[in-house]
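*Asks:* Under my numbering, the first residue of the sequence shown is numbered 26, with each subsequent residue one higher. Below you will find the structure I want to go over with you.
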Amino acid sequence: MDFMKLFKSLEELLYEIIVTLVFFPKTLWLTFRYPQRMMDYADTELGDVQSEQYKDTLSPPLFLMMCVGISYLAERAAPGPENLSALPSFMQNPENLLALRVLVFSLFPLMMSLRLLNGLNIPLDRDTLRPPFFAQCFVAAPVAMMVGLSQTIRHMAAPHSGYVASALLFVTLYWYLRQQAFWFEAKLKRGMFRSWLMGIGMGIVTAFIFVALALMVVLTRI
């Protein structure tokens, strides 16, 4: 009986891994093509029972983690110099470096979500934070992938690779901030200019928070 339960569990695990190969590119395409719809979709799916959520896409946090992981693997596999010696010793471990990247790209959905709840005067708890955080994970995921891809291109020994990487990074950041502006405008009923300022401002605040946390971690390791 225990063997059959184990076999069923392995069977379900294999199925989930295989179908991910189908739903990951589908989710990525839909997010690039209809980012605002996907953010609204994240809200509506959380209203379903758990077994019925995200049946036709990946869940947003899983999607974000996969994009971070794929970009990291692509960067590690790219030809060209990779100097990890400049990093603190504990960050030279690939697992720790990957975990740090997941943390970085999770901070942005978190901070944007907190700004929305504050603007709507909604009390903060696990239930109220979940919908905006899941929505934000959808648009943060392709950004994580494109940032990793830009770094991969930058490491390549090809003509103008630095310019191409910088252009890709600029377009990615513009796309991300544009989605934040649309999102804040729709949710908070603010003007587009103020919504752009909110998106840019929260992006800067999040970057400062990450730098502060990174410095704290590094200093504790010295």
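C-beta: ideal position from N, C-alpha, C; glycine also.
1. Excluding five sequence neighbours on each side, which residues of the same chain lie with their C-beta closer than 6 Å to the C-beta of L213?
2. By how many angstroms is the C-alpha of T69 removed from the C-alpha of R155?
3. Would you tell me roughly how many angstroms separate the C-alpha atoms of Q161 and M227, rounded to the nearest one?
4. Within the chosen definition, does the region 55 to 72 reach the region 131 to 149 through at least 3 CB pairs nearer than 8 Å?
5. By Cβ distance below 7 Å, which residues in the same chain neighbour V127 in space, the five residues on each side in sequence not counted?
6. Please list the terminal residues of the continuous alpha helix (DSSP H) segment that includes E77.
7. Going by DSSP, what residue range makes up the alpha helix (DSSP H) through L194?
8. Determine the extent of the alpha helix (DSSP H) in which L154 is found, giving its start and end residues.
9. Going by Cα to Cα distance, which pick from D65, K30, I43 and K51 is closest to Q205?
10. Using only the alpha-carbon positions, how far apart do P184 and I225 sit?
11. Quick one: what's got a C-beta closer than 6 Å to V168's C-beta in the same chain, skipping five residues either side?
*Replies:* By the coordinates alone:
1. Close CB contacts of L213 within its chain, under the 6 Å cut and outside five residues either way in sequence, are with G144 (chain order).
2. Going by C-alpha positions, R155 is about 12 Å away from T69.
3. Between Q161 and M227, the C-alpha separation is close to 13 Å.
4. Contact fails: fewer than three Cβ-Cβ distances are below 8 Å.
5. Excluding sequence neighbours, V127 sits near M90 and V93.
6. First-last for E77: undefined, no H or E at that position.
7. Note, L194: alpha helix (DSSP H), S186 to L213.
8. Where L154 is concerned, the enclosing alpha helix (DSSP H) stretches over R151 to H180.
9. Nearest option by C-alpha distance: D65.
10. Cα-Cα distance, rounded: 32 Å.
11. Cβ neighbours of V168 within its own chain (closer than 6 Å, five residues either side excluded): T197 and Y201.
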